[in-house]
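Anchor point for the sequence shown: position 95 equals 356 in this note's numbering, and the numbering is continuous, going up by one each time. Take a look at the structure set out below.
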Amino acid sequence: MTQQHGNQRPASGGPRPTASQRMKGSDAAAPMLTREEDTRWATLSHFGAVAGCLPALVIYFVYRDRGPFTAQESKEALNFTLPLTVVMLVFYGLAFIPAIAAVAGLGGVFVWAFMAISGLIGGTECNKGRPYRYPFNLRLIQ
C-alpha cells in the first residue's frame, strides 16, 4: 500500500481538474428548459421592466443557453430597459438639483411608467407564446 501526500497525484493517475474546468463542466450540464419554463422566463424578463433592466439582465445571462425563446425575449427586454434605466437614473440624479428637481423627478417617473407599462404589454404577449418586439428599441445587445 502506498500513502498519498498532499502534492502527489491521486491513485487514479489523472490530474485533478482546475476550478475553471469544473465550472465549464457544470455549465454544460445545465438542463434545457421545457417549453412552459421557457415561456415563463421569457415572460418574466418583460415583466421585470417594472424594476428596470436588472431582471432582464439576470435572466439573459442565466437562461440564454437553456431556452431559445428566453434568450430571444430576454435580449429584447434588456435592449429596451437598459437605456431607459440609465435615462431614469440620470433624471433621478438631476432631481437633487433644487432648480430642476420637480421637472427631473417627474421626468424620471414618466420614463419609469413608460418602461413598466411597455414591459407589462410585452410580458402579456410573451405569455401567450408570441414573440414581442418593442416599437422603439435600440437593440444594443446583438
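Each residue gets a CB set at the ideal place from its N, CA and C atoms; glycine is no exception. It should be emphasised that the depicted structure is a prediction, and the values quoted were computed from it without experimental measurement.
By Cβ distance, which residues of its chain are closer than 8 Å to residue i, with the 5 residues on each side in sequence left out?
{"i": "LEU305", "result": "PRO316, ILE320 and GLY384"}
{"i": "THR342", "result": "GLY309, ALA310, GLY313, CYS314, ALA317, MET376 and GLY380"}
{"i": "LYS389", "result": "none"}
{"i": "ILE378", "result": "none"}
Please report the straight-line C-alpha distance between residue i and residue j, rounded to a whole angstrom.
{"i": "LEU339", "j": "TYR395", "result": "11 Å"}
{"i": "MET349", "j": "VAL311", "result": "12 Å"}
{"i": "SER281", "j": "ALA291", "result": "For SER281, the predicted model reports a pLDDT of 44, less than 50, meaning its position is unreliable; a value from the coordinates is still stated below. Using only the alpha carbons, I get a separation of about 16 Å."}
{"i": "ASN398", "j": "PRO344", "result": "9 Å"}
{"i": "ILE361", "j": "GLU297", "result": "47 Å"}
{"i": "ARG325", "j": "ALA363", "result": "40 Å"}
{"i": "ASP299", "j": "GLU337", "result": "15 Å"}
{"i": "PHE260", "j": "PRO392", "result": "Residue coverage of the chain in this structure runs from 262 to 403, which leaves residue 260 outside it and unanswerable."}
{"i": "ILE402", "j": "GLY369", "result": "24 Å"}
{"i": "ARG301", "j": "THR346", "result": "23 Å"}
{"i": "LEU367", "j": "PRO359", "result": "13 Å"}
{"i": "PHE371", "j": "VAL323", "result": "30 Å"}
So the alpha helix (DSSP H) residue i belongs to, where does it begin and stop?
{"i": "ILE378", "result": "362-388"}
{"i": "VAL311", "result": "Run containing VAL311: none; DSSP gives neither H nor E here."}
{"i": "ILE402", "result": "Segment: none, ILE402 is in no alpha helix (DSSP H) and carries neither H nor E."}
{"i": "ILE358", "result": "Note, ILE358: premise wrong, no alpha helix (DSSP H); not H, not E."}
{"i": "LEU315", "result": "315-324"}
Given residue i, which residues of its chain have a CB within under 6 Å of its CB, disregarding the five upstream and five downstream residues?
{"i": "SER335", "result": "SER306, ALA317, ILE320 and TYR321"}
{"i": "ALA365", "result": "PHE352, LEU355 and ALA356"}
Suppose contacts are defined by Cβ-Cβ distances below 9 Å. Is residue i in contact with residue j by that definition?
{"i": "ARG327", "j": "LEU294", "result": "yes"}
{"i": "TRP387", "j": "ALA332", "result": "Residue identity check: residue 387 is Cys in the sequence provided, not Trp. Cβ distance not < 9 Å, so CYS387 and ALA332 don't count as in contact."}
Leaving out five residues on either side along the sequence, give the residues of the same chain with a beta carbon under 7 Å from the beta carbon of residue i.
{"i": "TRP373", "result": "MET349"}
{"i": "ARG400", "result": "ASN340"}
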